[in-house]
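Per the working numbering, residue 2 is the first one in the sequence shown, and the count goes up by one each step. Note that beta-carbon positions come from the ideal geometry of N, C-alpha and C, so glycine has one too. Below is one structure, written out as structure tokens; the observations come after it.
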Amino acid sequence: MDPARPAASRLGVWRGRVVGLDEEIDGLRARRTADLDGATVLPGFVDAHSHLAWTGMAAALVDLSECRTRDAVLDAVRRAAAAVPGDGWVDLAGYDQRPLGAHLTRDDLEAAAPGRRLYIRHTSGHACLVSDAVLATVTDDELAAGGPGVVRDATGRPTGLLEEGAMAIARARRLPYSLDEIVTAVETAGRECLSQGITMVAEAGIVTDLAGSSPVELAAYQVAREQGRLPVRVQAMVPAAMLRPSGAAPGDGIARAIDLGLRTGLGDDMLSIGALKLWLDGGMMARTAALTEPYVTPDGSDGGLGQLAFGDDELAALILDAHRAGWQLAIHAIGDAAIDQAVAVVTAAQAAHPRPGARHRVEHCGLVRPEQLPQLAQAGLTAVVQPTFLHAFGDDYSAIMGPKRSGWMYRGRSFLDHGIPLAGSSDRPVADGAPLRAVQFMVERTSAGGAPVGPDEAVTVDEALAAYTTGSAYACRVDDVAGSLSAGKLADLVVLGADPRSVEPSQIAAIPVVATVLGGEVVHGAI
Numbered sequence: 002m003d004p005a006r007p008a009a010s011r012l013g014v015w016r017g018r019v020v021g022l023d024e025e026i027d028g029l030r031a032r033r034t035a036d037l038d039g040a041t042v043l044p045g046f047v048d049a050h051s052h053l054a055w056t057g058m059a060a061a062l063v064d065l066s067e068c069r070t071r072d073a074v075l076d077a078v079r080r081a082a083a084a085v086p087g088d089g090w091v092d093l094a095g096y097d098q099r100p101l102g103a104h105l106t107r108d109d110l111e112a113a114a115p116g117r118r119l120y121i122r123h124t125s126g127h128a129c130l131v132s133d134a135v136l137a138t139v140t141d142d143e144l145a146a147g148g149p150g151v152v153r154d155a156t157g158r159p160t161g162l163l164e165e166g167a168m169a170i171a172r173a174r175r176l177p178y179s180l181d182e183i184v185t186a187v188e189t190a191g192r193e194c195l196s197q198g199i200t201m202v203a204e205a206g207i208v209t210d211l212a213g214s215s216p217v218e219l220a221a222y223q224v225a226r227e228q229g230r231l232p233v234r235v236q237a238m239v240p241a242a243m244l245r246p247s248g249a250a251p252g253d254g255i256a257r258a259i260d261l262g263l264r265t266g267l268g269d270d271m272l273s274i275g276a277l278k279l280w281l282d283g284g285m286m287a288r289t290a291a292l293t294e295p296y297v298t299p300d301g302s303d304g305g306l307g308q309l310a311f312g313d314d315e316l317a318a319l320i321l322d323a324h325r326a327g328w329q330l331a332i333h334a335i336g337d338a339a340i341d342q343a344v345a346v347v348t349a350a351q352a353a354h355p356r357p358g359a360r361h362r363v364e365h366c367g368l369v370r371p372e373q374l375p376q377l378a379q380a381g382l383t384a385v386v387q388p389t390f391l392h393a394f395g396d397d398y399s400a401i402m403g404p405k406r407s408g409w410m411y412r413g414r415s416f417l418d419h420g421i422p423l424a425g426s427s428d429r430p431v432a433d434g435a436p437l438r439a440v441q442f443m444v445e446r447t448s449a450g451g452a453p454v455g456p457d458e459a460v461t462v463d464e465a466l467a468a469y470t471t472g473s474a475y476a477c478r479v480d481d482v483a484g485s486l487s488a489g490k491l492a493d494l495v496v497l498g499a500d501p502r503s504v505e506p507s508q509i510a511a512i513p514v515v516a517t518v519l520g521g522e523v524v525h526g527a528i
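Okay, structure coming up:
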């Protein structure tokens, strides 16, 4: 993936770094030589947006993702409650209302597990369902503060569904998880990443907001590293909610900060602080991504416009402070209305305090109108996409967007043609995290149901691979050491059983990962 050297047949590694390729290593002695017998070697994949702790914890919970009826979900809830002794919390994951036709309610949960504290996470991560026993501890003031995220029935009574920021009501009662629980979860998810050829992950939100697990969550990653239980390189995003007035000298330009003035770039090749994460809207799955035109519903009724998390002025002030203080920004914006906000505030911040190398990012960039493409390019924003969303959910997303907008979702070709840096990622555990699955979709643009989803946005295999190597390394500001193979860079490699360019596109996802190498050490498989 190095433009200066598109391919090579030999690669030398010393002390975790690439020494050179082909003639560059002529005459050098090697302690060990591995003949891969025609296998294909690529730079280790970089997942630019993932959730390790959430993935690992979800793996240990009762999973509702295969439950396709209300009865099946409630039966799983009943069995999960029976397995937890006393009045302990009953946690479930993978809840999805779409195959059920409508959301379950607190009354449904009470019938299945009377008196139990239930915390059921929506598969999108943008909503949760809680039981009577949880809501009984919530004050009217807290419910009022939750705003539209506290879903209510026709009488005004909370249904038990909490969306977006209102999830904090439940999370405040369920969290924190212990450091040991988080370390175990990170290790579990990290091993899964290695099996898919991923050597670096950007952990897209720790500590608080939608994805956090503990107020001291970064400590869990440090413990994991100290104990030899951090399988992959991790760049942790810090939520913008942690910023507070810094008290720094005005000339420093750091009006708001997290403690000690920590910001993007602190750390080393194994564990570092990445971008500052902001959530501007919700998700398509939960119907909370912010749109300029309503969601399409089966009966033709107004499906709403989703939710914006910030007013324009509040967001502009926050972005300006963070930008001026030196943060890279990772701005969650799925709907086109949220992307409008992101472009506007980043453009204003750059005009006030130019930082050409900031590399601010739009996480997801899910629905982009044609006229927004040159705006994103002009603002210097990187699109960090999750192609597997459309493989897994493309039929549903196409239906709720309608024919005019379905081709605008999670673009590929249009980003590249407009000069917008394109980075690949998974958002695991929301969807399959395997990069090769995503590469296949980017080339085919076909959903799991076999329907085309924005076929004009298809890219080549080389371009799709670049999104998960050079593109994602650029988005994470590590392209000086990762994403391609050249002298001096990290010896992070994935060994594939076939060249993705030499097989039919429909077979790319099935290519075996023979081995994954991190810093010159084989950490998955064997060579």
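Requested in this report: Compare the beta carbon distance of ASP425 and TYR398 with 8 Å and say whether it is the shorter of the two.
Outcome: Along the sequence shown, one-based indexing puts residue 425 at 424. Along the sequence shown, one-based indexing puts residue 398 at 397. The question names Asp, but residue 425 in the sequence shown is Gly. No, they are not a contact pair.
Query raised in the report: Do the CB positions of THR517 and LEU195 come within less than 8 Å of each other?
Result: In the sequence shown, residue 517 corresponds to position 516, counting from 1. In the sequence shown, residue 195 corresponds to position 194, counting from 1. Result yes, Cβ atoms of THR517 and LEU195 sit closer than 8 Å.
Requested in this report: Determine, using beta-carbon pairs with one atom in the segment 434 to 451 and one in the segment 481 to 491, whether at least three such pairs fall under 8 Å.
Outcome: no
Query raised in the report: At which residues does the beta strand (DSSP E) containing ILE274 begin and terminate?
Result: Within the sequence shown, numbered from 1, the residue matching residue 274 stands at position 273. From DSSP, the beta strand (DSSP E) with ILE274 extends over 272 to 280.
Query - For MET286, the nearest candidate out of PRO100, GLU505, GLY526 (CA to CA) - result: Position 285 of the sequence shown, counted from the start, is the residue given in the question as residue 286. It is PRO100 whose Cα lies nearest to the Cα of MET286.
Query raised in the report: DSSP three-state call for ARG174: helix, strand or coil?
Result: Residue 174 sits at position 173 when you count from the first residue of the sequence shown. It is helical.
**Report entry** When GLY403, ALA249, VAL74 are compared against LEU105, the one with the closest alpha-carbon
**Finding:** What you label residue 105 is simply residue 104 of the sequence shown in a count that begins at 1. Answer by Cα proximity: VAL74.
Query raised in the report: Would you call the CB atoms of GLY28 and GLY21 closer than 8 Å?
Result: By 1-based counting over the sequence shown, the position of residue 28 is 27. By 1-based counting over the sequence shown, the position of residue 21 is 20. Taking 8 Å as the Cβ cut-off, GLY28 and GLY21 do not qualify as a contacting pair.
Query raised in the report: Is the beta carbon of LEU281 less than 8 Å from the beta carbon of GLN342?
Result: Position 280 of the sequence shown, counted from the start, is the residue given in the question as residue 281. Position 341 of the sequence shown, counted from the start, is the residue given in the question as residue 342. Going by C-beta atoms, LEU281 is nearer than 8 Å to GLN342.
Query raised in the report: Under a Cβ-count criterion, where at least 16 other Cβ atoms within 10 Å of its own Cβ denotes burial, should ASP418 be classed as buried or exposed?
Result: The residue given as residue 418 occupies position 417 in the sequence shown. By the 10 Å Cβ count, ASP418 comes out exposed.
Query - Backbone CA spacing between ASP109 and LEU391 [nearest angstrom] - result: Here the question's residue 109 lines up with position 108 in the sequence shown. Here the question's residue 391 lines up with position 390 in the sequence shown. Cα to Cα, the separation comes out at about 31 Å.
Query - Contact under 8 Å by Cβ, VAL460 with ARG414 - result: Taking the sequence shown and counting its residues from 1, one reaches residue 460 at position 459. Taking the sequence shown and counting its residues from 1, one reaches residue 414 at position 413. Closer than 8 Å, so yes.
Query raised in the report: Can you give, in chain order, each stretch of the alpha helix (DSSP H) that sits fully within the segment 84 to 157 and has at least 4 residues?
Result: 107 to 113, 133 to 136, 141 to 146
**Report entry** As assigned by DSSP and simplified to three states, the class of LEU553
**Finding:** This structure gives no information on residue 553, because the portion of the chain shown stretches from 2 to 528.
Query raised in the report: Roughly how many angstroms separate the alpha carbons of ALA9 and ALA432, rounded to a whole number?
Result: As a working note, residue 9 is residue 8 in the sequence shown. As a working note, residue 432 is residue 431 in the sequence shown. Roughly 34 Å between the two C-alpha positions.
**Report entry** First and last residue of the uninterrupted alpha helix (DSSP H) at PRO240
**Finding:** For the purposes of this step, residue 240 is taken as the residue at position 239 of the sequence shown. Segment 234 to 240 is the beta strand (DSSP E) holding PRO240; no alpha helix (DSSP H) there.
Requested in this report: Count the other CB atoms, across all protein chains shown, that sit within 10 Å of the CB of ARG153; report buried if there are 16 or more and exposed otherwise.
Outcome: In the sequence shown, residue 153 corresponds to position 152, counting from 1. By the 10 Å Cβ count, ARG153 comes out exposed.
**Report entry** Distance CB(LEU53)-CB(GLY191) smaller than 8 Å
**Finding:** Working through the sequence shown from its first residue, we reach residue 53 at position 52. Working through the sequence shown from its first residue, we reach residue 191 at position 190. Result yes, Cβ atoms of LEU53 and GLY191 sit closer than 8 Å.
Query - Short Cβ contact (8 Å threshold) for GLY283 with ALA276 - result: Walking along the sequence shown from the start, residue 283 turns up at place 282. Walking along the sequence shown from the start, residue 276 turns up at place 275. Their beta carbons are not under 8 Å apart, which means GLY283 does not touch ALA276 by this criterion.
Query raised in the report: Nearest CA to the CA of ARG429: which residue from TYR96, PRO295, ALA203?
Result: Working through the sequence shown from its first residue, we reach residue 429 at position 428. The shortest Cα separation from ARG429 among TYR96, PRO295, ALA203 belongs to ALA203.
Query raised in the report: Hey, would you say ILE421 sits closer than 8 Å to LEU377, going by beta carbons?
Result: One-based indexing of the sequence shown puts residue 421 at position 420. One-based indexing of the sequence shown puts residue 377 at position 376. Yes; because the gap between Cβ atoms is below 8 Å, this pair is in contact.
Query raised in the report: Just checking, does the segment 61 to 81 make contact with the segment 138 to 157 on the three C-beta pairs under 8 Å criterion?
Result: no
Query raised in the report: Using a Cβ-Cβ cut-off of 8 Å (strictly less than) and excluding sequence neighbours within five positions of SER507, which residues of its own chain qualify?
Result: Residue numbering aside, residue 507 sits at position 506 when the sequence shown is read from its first letter. The answer, listed in chain order, is GLN441, GLU445.
Query - Cβ pair ILE340, LEU330 closer than 8 Å - result: As a first step, residue 340 must be located in the sequence shown, where it is residue number 339. As a first step, residue 330 must be located in the sequence shown, where it is residue number 329. Against a cut-off of 8 Å, the Cβ pair of LEU330 and ILE340 comes out as no contact.
Query raised in the report: Short check: CB of SER247 to CB of ARG234, under 8 Å?
Result: Here residue 247 refers to the residue found at position 246 of the sequence shown. Here residue 234 refers to the residue found at position 233 of the sequence shown. Contact flag unset, no.
Query raised in the report: Is the Cβ-Cβ distance between GLY45 and SER66 less than 8 Å?
Result: The residue labelled residue 45 in the question sits at position 44 within the sequence shown. The residue labelled residue 66 in the question sits at position 65 within the sequence shown. No. Outside cutoff.
Query raised in the report: For the candidate residues ILE170, HIS127, ALA112, GLY126, whose alpha-carbon lies nearest to that of ALA137?
Result: In the sequence shown, the residue the question calls residue 137 occupies position 136. Closest option to ALA137, Cα to Cα, is ILE170.
Query raised in the report: Do you know whose CA, among ALA359, PRO357, SER473, VAL523, lies nearest ASP493's CA?
Result: Mapped onto the sequence shown, residue 493 falls at position 492. Out of ALA359, PRO357, SER473, VAL523, VAL523 has the C-alpha closest to the C-alpha of ASP493.
Query - Nearest residue (CA-CA) to ARG33, options GLY521, ALA384, ARG325 - result: Here residue 33 is taken as the residue at index 32 of the sequence shown, counted from 1. It is GLY521 whose Cα lies nearest to the Cα of ARG33.
Query raised in the report: CA-CA distance, TYR296 and GLY395?
Result: Here residue 296 refers to the residue found at position 295 when the sequence shown is read from its first residue. Here residue 395 refers to the residue found at position 394 when the sequence shown is read from its first residue. Their Cα atoms are separated by approximately 15 Å.
Requested in this report: Could you spell out the range, first to last residue, of the beta strand (DSSP E) harbouring VAL479?
Outcome: By one-based count along the sequence shown, residue 479 stands at place 478. First-last for VAL479: undefined, no H or E at that position.
Query - Residues of its chain near ALA220, where Cβ-Cβ distance is below 7 Å and the 5 sequence neighbours each way are ignored - result: Counted from its first residue, the sequence shown places residue 220 at position 219. Around ALA220: LEU180.
Query raised in the report: Which residue or residues does DSSP assign as beta-bridge partners of ALA384?
Result: Reading the sequence shown from its first residue, position 383 is the one you call residue 384. Note: ALA384 sits in a beta bridge opposite VAL363, LEU423.
Query raised in the report: Under 8 Å, do ARG118 and VAL78 count as touching if we go by C-beta distance?
Result: As a first step, residue 118 must be located in the sequence shown, where it is residue number 117. As a first step, residue 78 must be located in the sequence shown, where it is residue number 77. Going by C-beta atoms, ARG118 is not nearer than 8 Å to VAL78.
Requested in this report: At 4 residues or longer, and completely inside the segment 272 to 353: list those alpha helix (DSSP H) runs for me, N to C.
Outcome: 313 to 325, 337 to 353
Query raised in the report: When the Cα atoms are used, what is the spatial distance from MET243 to GLY198?
Result: Sequence index remark: in the sequence shown, residue 243 carries index 242 (1-based). Sequence index remark: in the sequence shown, residue 198 carries index 197 (1-based). Straight-line Cα distance between these residues: approximately 33 Å.
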